[in-house]
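J.:
Numbering (this note's numbering), first residue to last: 337 to 611.
1) With DSSP as the reference, label residue 326 as helix, strand or coil.
2) Can you have a look at residue 527 and say buried or exposed, based on whether 16 or more other CB atoms are within 10 angstroms of its CB?
3) Hey, could you find the ends of the beta strand (DSSP E) residue 455 is sitting in?
4) Quick check: the Cα distance between residue 506 and residue 536, rounded to an integer number of angstroms?
5) What did DSSP end up calling residue 391 once you bin it into helix, strand or coil?
6) Assuming residue 566 and residue 545 are in contact, meaning their beta carbons sit under 8 angstroms apart, how far apart are those beta carbons, in whole angstroms?
7) By Cβ distance below 7 angstroms, which residues in the same chain neighbour residue 431 in space, the five residues on each side in sequence not counted?
8) DSSP state of residue 427, grouped into three classes?
9) Restricting to Cα atoms, I'd like to know which of 468, 508, 516 and 534 is closest to residue 498.
10) Since residue 559 and residue 466 should fall inside the 8 angstroms C-beta cutoff, what is the C-beta to C-beta distance between them, to a whole number of angstroms?
11) Round the Cβ separation of residue 434 and residue 592 to the nearest angstrom and send it over; I've been treating them as touching at under 8 angstroms.
12) Should residue 439 and residue 586 be called a contact, given that it needs their Cβ atoms to be closer than 8 angstroms?
13) Classify residue 527 as helix, strand or coil using the three-state DSSP reduction.
14) Hey, which unbroken runs of the beta strand (DSSP E) at 3 residues or more fall wholly within the segment 507-555?
15) If you measure between the beta carbons of residue 394 and residue 531, is that distance less than 8 angstroms?
16) Cβ-heavy atom distance between residue 466 and the ligand FMN below 7 angstroms?
17) Quick check on DSSP: helix, strand or coil for residue 406?
18) Report the option in 550, 463 and 515 whose CA atom is closest to the CA atom of residue 601.
19) Measure from the alpha carbon of residue 412 to the alpha carbon of each residue in 571, 453, 397 and 576, then state which is nearest.
20) Which same chain residues, not among the five before or five after residue 415, have their C-beta less than 6 angstroms away from its C-beta?
21) Could you tell me the alpha carbon to alpha carbon distance between residue 553 and residue 386, rounded to whole angstroms?
22) Taking the alpha carbon of residue 595 as the reference point, which residue from 445, 495 and 513 has its own alpha carbon closest?
23) What span of residues does the alpha helix (DSSP H) with residue 488 cover, start to end?
24) Who are the near neighbours of residue 391 in its chain, counting only those whose CB is closer than 8 angstroms to its CB and skipping five residues on each side?
25) How many whole angstroms separate the CB atoms of residue 409 and residue 399, which I take to be in contact at a CB cut-off of 8 angstroms?
26) If we count the other Cβ atoms within 10 Å of its Cβ and call it buried at 16 or more, is residue 496 buried or exposed?
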């Protein structure tokens, strides 16, 4: 059985999925309107900026952002085609994630991920896939080759990098060299110190993954990107996520990230989906 395809997600759902989606959307509808933030530029600074200072700013930003609840519009394109859908996004760092893909009637796919397991519920098929928490199992649903903690950082507008590494640079960007061609780079706004773009290179020096953060607005967690774009060139995959009135640093109970098997639903090992 092949892995789920985004193009196949927009089917009409079963009624049992509508209730959960309605509750989440009701909560989201009460979120305050997010005002636009000051202009953020990606120009190269005229004077060299200390990489250590940039890392300190990024570390401080990490401490400011730890959870997210929002509705999002997702546009994607790949070798399989292109499409658009609505998504409920719940994130609690470091390792809790819930994604609900919506149609006009409710949720058609509910994915939850934690450190110990990844679960995908397909109401249309009365199937629930459950597997151990791993990069491979998460990839089966997101098609993004990142660890769970990296995905949660990315969705919160944070570059999925290890800030304890030795970062160097003489302006924009700052970089970490891993040897053998592997490296990561972070481009940033020189005025606000906000991350604008992240790139990860493979052993051949080619871009393996990239992400950009834009359209910053004022939120309770400071300036926050309303638009995320990420790409996997080797898979011809490009995804744009536009948030709608995100709520930051809200309390998200553990129950949101756990899925029990509903009655009359068949449970299947997630690993059976193959690659």
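Cβ atoms here follow ideal geometry from the backbone N, Cα and C, with glycine treated the same way.
T.: Here's the rundown:
1) Here the chain comprises residues numbered 337 to 611, so residue 326 is not present and cannot be evaluated.
2) By 1-based counting over the chain shown, the position of residue 527 is 191. The residue is exposed, with fewer than 16 neighbouring Cβ atoms inside 10 Å.
3) Within the chain shown, the letter at position 119 stands for residue 455. Here the beta strand (DSSP E) through residue 455 covers 453-458.
4) As a position in the chain shown, residue 506 is number 170, starting the count at 1. As a position in the chain shown, residue 536 is number 200, starting the count at 1. Answer to the nearest angstrom: the Cα atoms are 19 angstroms apart.
5) Here the question's residue 391 lines up with position 55 in the chain shown. Helix at residue 391.
6) What you label residue 566 is simply residue 230 of the chain shown in a count that begins at 1. What you label residue 545 is simply residue 209 of the chain shown in a count that begins at 1. Right, their Cβ atoms sit about 7 angstroms apart.
7) Taking the chain shown and counting its residues from 1, one reaches residue 431 at position 95. Answer for residue 431: 450, 451, 484, 485 and 488, listed in chain order.
8) Residue 427 sits at position 91 when you count from the first residue of the chain shown. Note: residue 427 maps to strand in three-state DSSP.
9) Along the chain shown, one-based indexing puts residue 498 at 162. Selected option, being the one with the closest Cα: 534.
10) Numbered from its first residue, the chain shown carries residue 559 at position 223. Numbered from its first residue, the chain shown carries residue 466 at position 130. 38 angstroms between Cβ atoms; not a contact.
11) Counting from one through the chain shown, the residue named residue 434 turns up at place 98. Counting from one through the chain shown, the residue named residue 592 turns up at place 256. That pair is a contact at about 6 angstroms.
12) Sequence index remark: in the chain shown, residue 439 carries index 103 (1-based). Sequence index remark: in the chain shown, residue 586 carries index 250 (1-based). Cβ atoms of residue 439 and residue 586: not closer than 8 angstroms.
13) For the purposes of this step, residue 527 is taken as residue 191 along the chain shown, with counting starting at 1. Correct three-state label for residue 527: coil.
14) 510-515, 518-524, 531-537 and 543-555
15) Stepping through the chain shown from its first residue, residue 394 is reached at position 58. Stepping through the chain shown from its first residue, residue 531 is reached at position 195. Yes, Cβ-Cβ distance for residue 394 and residue 531 is below 8 angstroms.
16) Questions concerning the ligand FMN fall outside what the structure shown contains, since it holds no ligand whatsoever.
17) By one-based count along the chain shown, residue 406 stands at place 70. Reduced to three states, the DSSP call for residue 406 is strand.
18) As a working note, residue 601 is residue 265 in the chain shown. For residue 601, the nearest C-alpha among the options comes from 463.
19) As a first step, residue 412 is located in the chain shown; it is residue number 76 there, counting from the start. Minimum Cα distance to residue 412 is reached at 576.
20) Position 79 of the chain shown, counting from 1, holds the residue named residue 415. Counting only Cβ-Cβ distances below 6 angstroms, and skipping sequence neighbours, we find 572.
21) Residue 553 sits at position 217 when you count from the first residue of the chain shown. Residue 386 sits at position 50 when you count from the first residue of the chain shown. Distance between the alpha carbons of residue 553 and residue 386 is about 26 angstroms.
22) In the chain shown, counting from the first residue as 1, residue 595 sits at position 259. When each option's Cα is compared against that of residue 595, the closest is 445.
23) For this step, residue 488 is matched to residue 152 along the chain shown. Taken as a continuous stretch (DSSP letters only), the alpha helix (DSSP H) holding residue 488 covers 484-491.
24) Against the chain shown, residue 391 aligns to sequence position 55. Only 499, 503 and 510 meet the Cβ criterion.
25) Within the chain shown, residue 409 is the residue found at index 73, counting from 1. Within the chain shown, residue 399 is the residue found at index 63, counting from 1. The Cβ separation is near 29 angstroms, so there is no contact.
26) Mapped onto the chain shown, residue 496 falls at position 160. By the neighbour-count rule (16 or more Cβ atoms within 10 Å), residue 496 is buried.
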